[in-house]
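Novice: Numbering follows the UniProt record's numbering, with no gaps: position 13 of the sequence shown is 13. To start, I am sharing the structure in question, which I have written as structure tokens.
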Amino acid sequence: MSIVSMIFGMFCIYMAKYRDLNDLGYSSIHVNAFTLMRIMLIYGALQLALGSTFFLTCSVTSIAIRRGQKWGARIIVGLFGTFFYLCLVVVTIIAGIIGFYQVMQMYSQVDYVDVSLESYIDQTFYRCAIVVFSFHIWFSVSKCCCCR
């Protein structure tokens with residue numbers, strides 16, 4: 001599950017940052033597009049940090065336990081990593097819910113045709129945001145229900 005969330009995090013960063021918004025016709029008047037870009041960038045960075053923290057915490061803790069250390073520094077670092085991971089989970093869930101709310105709020109205001117309007121957003125960019133944040137809601141619920 002962490003690998004999938006890291007892939008979605010990289011996809012969000014790609015969609016928000018590495019697609020050149022100036023080539024798509026955006027300028028400073030397109031507030032909705034830049035708001036969506038910022039939200040996707042923050043959410044993608046949080047997902048990458050979440051996946052990386054999960055893998056590092058699991059590897060440090062499992063190495064320490066395999067070597068037979070009872071209260072070594074690696075186990076303590078693993079516990080702090082787990083606490084940091086849980087804090088990141090809460091922040092990521094909040095950022096995903098805010099992103100989902102922003103995308104749904106823009107739904108009736110989005111214009112795909114007229115670049116001169118303030119509400120113009122590229123259709124691919126907007127649909128990718130809908131998919132990412134809908135996946136986030138589904139993924140958060142499935143993590144809570146399936147991973148008890």
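The beta carbon of each residue, even a glycine, is placed where N, CA and C say it ideally should be.
From the DSSP output, in three-state form, read off Y120 for me.
Specialist: Your numbering for residue 120 matches position 120 in the sequence shown. Y120: strand per DSSP, three-state reduction.
Novice: Counting along the chain, where does the alpha helix (DSSP H) carrying I3 start and finish?
Specialist: The residue you call residue 3 lines up with position 3 of the sequence shown. Looking at the DSSP string, the run of the alpha helix (DSSP H) that includes I3 is S2 to I13.
Novice: Is it the case that the region 86 to 94 contacts the region 104 to 111, given that we only count it when at least three CB pairs across the two stretches are under 8 Å?
Specialist: no
Novice: Distance cutoff 7 Å, beta carbons only. Does A16 sit that close to anything in chain C?
Specialist: Structure shown: chain C not included; a single protein chain is present.
Novice: With the cut-off set at 7 Å, would you say S140 and I93 are in Cβ contact?
Specialist: Here the question's residue 140 lines up with position 140 in the sequence shown. Here the question's residue 93 lines up with position 93 in the sequence shown. Yes, they are a contact pair.
Novice: For F54, which residues in the same chain have their Cβ closer than 8 Å to its Cβ, ignoring the five residues on either side in sequence?
Specialist: Locating residue 54 in the sequence shown gives position 54, counting from the first residue. So the list reads S2 and Y85, once near-sequence residues are dropped.
Novice: By Cβ distance, which residues of its chain are closer than 7 Å to T124, with the 5 residues on each side in sequence left out?
Specialist: Within the sequence shown, the letter at position 124 stands for residue 124. Cβ within range, chain order: n/a, list empty.
Novice: Which runs of the beta strand (DSSP E) spanning at least 3 residues fall entirely within the region 70 to 101, listed in chain order?
Specialist: none
Novice: Note down, in chain order, each residue of its chain lying with its Cβ closer than 7 Å to the Cβ of Y18, except the 5 sequence neighbours on either side.
Specialist: Taking the sequence shown and counting its residues from 1, the one referred to as residue 18 is at position 18. In its chain, beyond the 5 residues on either side, no residue has a beta carbon closer than 7 Å to the beta carbon of Y18.
Novice: Are Q102 and I39 touching if we call contact CB-CB under 7 Å?
Specialist: Within the sequence shown, residue 102 is the residue found at index 102, counting from 1. Within the sequence shown, residue 39 is the residue found at index 39, counting from 1. Taking 7 Å as the Cβ cut-off, Q102 and I39 qualify as a contacting pair.
Novice: For the putative contact between I13 and A45, defined by C-beta atoms under 8 Å, what is the C-beta separation to the nearest angstrom?
Specialist: Taking the sequence shown and counting its residues from 1, one reaches residue 13 at position 13. Taking the sequence shown and counting its residues from 1, one reaches residue 45 at position 45. About 7 Å separates the two Cβ atoms, so the contact holds.
Novice: Can you round the beta-carbon distance between L48 and M10 to whole angstroms, since I take them to be within the 8 Å contact cut?
Specialist: Residue numbering aside, residue 48 sits at position 48 when the sequence shown is read from its first letter. Residue numbering aside, residue 10 sits at position 10 when the sequence shown is read from its first letter. Indeed they touch by this definition, with Cβ atoms about 7 Å apart.
Novice: For D111, which beta-bridge partners are listed by DSSP?
Specialist: Translated into positions along the sequence shown, residue 111 becomes position 111. BP columns for D111 point to Y120.
Novice: Quick check: residue 153 and H136, are their CB atoms within less than 7 Å of each other?
Specialist: A query on residue 153 cannot be resolved here, the shown segment of the chain reaching from 1 to 148 and no further.
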